[in-house]
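Below is one structure, written out as structure tokens; the observations come after it.
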Amino acid sequence: VAKCAEMALELAWKDAKAVYLSFDIDSIDPGFAPGTGTPEPGGFTPREALEMVRLISREGLCGMEVVEVSPPYDVNDNTAQLACRVVLDALGTMVVEGKIGHRDKVMSD
Numbered sequence: 041v042a043k044c045a046e047m048a049l050e051l052a053w054k055d056a057k058a059v060y061l062s063f064d065i066d067s068i069d070p071g072f073a074p075g076t077g078t079p080e081p082g083g084f085t086p087r088e089a090l091e092m093v094r095l096i097s098r099e100g101l102c103g104m105e106v107v108e109v110s111p112p113y114d115v116n117d118n119t120a121q122l123a124c125r126v127v128l129d130a131l132g133t134m135v136v137e138g139k140i141g142h143r144d145k146v147m148s149d
């Protein structure tokens, strides 16, 4: 999965000024994320999906969204928690990579 993601990212970033991430929660196997209107058996594991999110976020994002989360179908808020984790991992990766939120930059402005 990581190798395919890296190849896709290389193409996506070529000549791009910005990348927008639209993360569709139903790409995750419904055993892990049942709270979606269109479950996709055989989807990614959370580990695979989060690895891709971190790879995509390394260069920075101009924006992002997490879609297809459906609380009425969620079990124990598993899907909602995974959706939050997607956002947190993307933001955390961008902070670590120096793309957003460095305290020195904020304090000097």
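Quick note: the sequence shown uses the numbering used here, first residue 41, plus one each step. In this text, a Cβ means the ideal position worked out from N, Cα and C, and glycines have one as well. Note that this is a predicted model, so its numbers are computed, not measured.
message = Let's test the definition: count the other Cβ atoms within 10 Å of the Cβ of Gly75 and tell me whether it reaches 16, buried, or not, exposed.
response = buried
*Can you tell me which of the three DSSP states Ile62 falls into?*
As written in the sequence, residue 62 is Ser, which differs from the Ile given in the question. If DSSP states are grouped into helix, strand and coil, Ser62 belongs with the strands.
Practice task
Report yes or no: do three or more beta-carbon pairs, one from the stretch 62-80 and one from the stretch 109-123, lie closer than 8 Å?
Solution key: yes
key: Contact under 8 Å by Cβ, Val41 with Met92   = yes
N-terminal and C-terminal residue of the alpha helix (DSSP H) that Glu88 is part of: Here the alpha helix (DSSP H) through Glu88 covers Pro86 to Ser97.
Per-residue DSSP class, three states only, for Val135: helix
- Item | Proximal residues to Arg94 (C-beta, below 6 Å), its chain only, five neighbours per side dropped | Asp129 and Thr133
What are the boundary residues of the beta strand (DSSP E) that Glu105 is part of? Gly103 to Val107
Through-space distance from Leu49 to Asp55, alpha-carbon basis:
12 Å
For this session: State the Cα-Cα distance for the pair Met147 and Glu137, rounded to the nearest angstrom.
Result: Its pLDDT being 48, under 50, Met147 is placed unreliably by the model, and nothing is read from it.
Please say whether Ser110 and Ala89 have beta carbons closer to each other than 8 Å? no
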